[in-house]
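Numbering (the numbering used here), first residue to last: 3 to 287. Note that beta-carbon positions come from the ideal geometry of N, C-alpha and C, so glycine has one too. Computed from a predicted model, the values in this text were never measured in an experiment.
Written out as structure tokens, the structure is:
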């Protein structure tokens, strides 16, 4: 296998699509903390370190889950499953990236490094190893891994975590279950076959659609409170986006099909991305 092929395999295992959303959360956290006169340079080591650590956590996850990935259609073509990267190699390379990413966080401050490391620990040990094979609460508690990215971004400029910074991280924690359960509903048979107790594999389709709607509804007050902290324009934009998200959730309850679940999942991604971009734009303006 050539070096170029190996790098491509690791980039695929690093789940750049997921990591890019975590990076956006981290940058939004930094801009949320920005005040006139503060240097934006600390964003650079935080961003690079967070990216490397997040990719490392994803690679470790793929190394640990090879056996179950083999029986899931969604993951059956991963480089770890087809043999391009073995379990030991994935865990070693992923760990090195996580350590390097955390070390870069120290360039900013100890708190930023702590939150970069916390994201890795929650995703690898709490979510992947401890909770995912055992309880439907896996993705609920595992959502704090995404929160850590936002907190790392916020503390990179402030070296402290205030209420607004906490709210951004808590928003990502509240967003994660409804988002991921939509994907799990689409691929419900995969989780059943792999014996993962993801909520749709445990309670069924109708109850899962209701749980997604409830999860999204519980998240929205946090979104609106954050919008209130930022400014009225953000609050109005957040309200419109949230209303459409709940409309899709309602449609999913009425028609809990794989197609509707995928629509919910896709817009949930767009929803968080737009929330974060609006925060950054408003701060820039």
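Bounding residues of the alpha helix (DSSP H) (the contiguous stretch that carries residue i)
i           : result
residue 167 : 165–188
residue 275 : 260–286
residue 124 : Run containing residue 124: none; DSSP gives neither H nor E here.
residue 128 : Where residue 128 is concerned, there is no enclosing alpha helix (DSSP H), given that its DSSP letter is neither H nor E.
residue 145 : Taken as a continuous stretch (DSSP letters only), residue 145 belongs to no alpha helix (DSSP H), as it is neither H nor E.
Coil, strand or helix - residue i by DSSP
i           : result
residue 204 : helix
residue 73  : coil
residue 43  : coil
residue 85  : coil
residue 153 : helix
residue 79  : coil
residue 241 : helix
residue 213 : helix
residue 98  : helix
residue 136 : coil
residue 105 : helix
residue 223 : helix
residue 257 : coil
residue 248 : helix
residue 231 : helix
The ligand SAH heavy atom lying under 6 Å from the CB of residue i
i           : result
residue 182 : You won't find the ligand SAH in this model; it holds no ligand whatsoever.
Cβ-Cβ separation, residue j to residue i (assumed contact under 8 Å), whole Å
i           : j           : result
residue 169 : residue 228 : 5 Å
residue 219 : residue 31  : No, residue 219 and residue 31 are not in contact; Cβ-Cβ is about 24 Å, not under 8 Å.
residue 251 : residue 277 : In fact, because the Cβ distance is near 16 Å, the residues do not count as touching under 8 Å.
residue 124 : residue 96  : Their Cβ separation, rounded to whole angstroms, is 15 Å, which puts residue 124 and residue 96 out of contact at 8 Å.
Three or more C-beta pairs below 8 Å linking the region 17–26 and the region 56–73: Contact between the region 17–26 and the region 56–73 is present, because at least three Cβ pairs lie under 8 Å.
Sufficient close CB pairs (3 or more, under 8 Å) joining the region 144–152 to the region 201–218: Segments in contact, no.
Validate contact between the region 126–140 and the region 74–90 using beta carbons, cut 8 Å, 3 pairs: No, because fewer than three Cβ pairs between the region 126–140 and the region 74–90 fall closer than 8 Å, the two stretches do not touch.
Cβ contact (3+ pairs, closer than 8 Å) linking the region 178–196 and the region 29–38: No contact exists between the region 178–196 and the region 29–38.
Minimum length 3: unbroken beta strand (DSSP E) runs contained in the region 11–70: Here no run is fully enclosed.
Three-pair Cβ contact test at 8 Å for the region 97–108 versus the region 46–58: Verdict: yes, contact present.
Inter-stretch contact (C-beta, 8 Å, three-pair minimum) for the region 182–201 and the region 129–138: Short answer: they touch.
Any 3 or more C-beta pairs closer than 8 Å across the region 50–60 and the region 111–121: Remark: three or more beta-carbon pairs, one from each stretch, lie closer than 8 Å, so the region 50–60 and the region 111–121 are flagged as touching.
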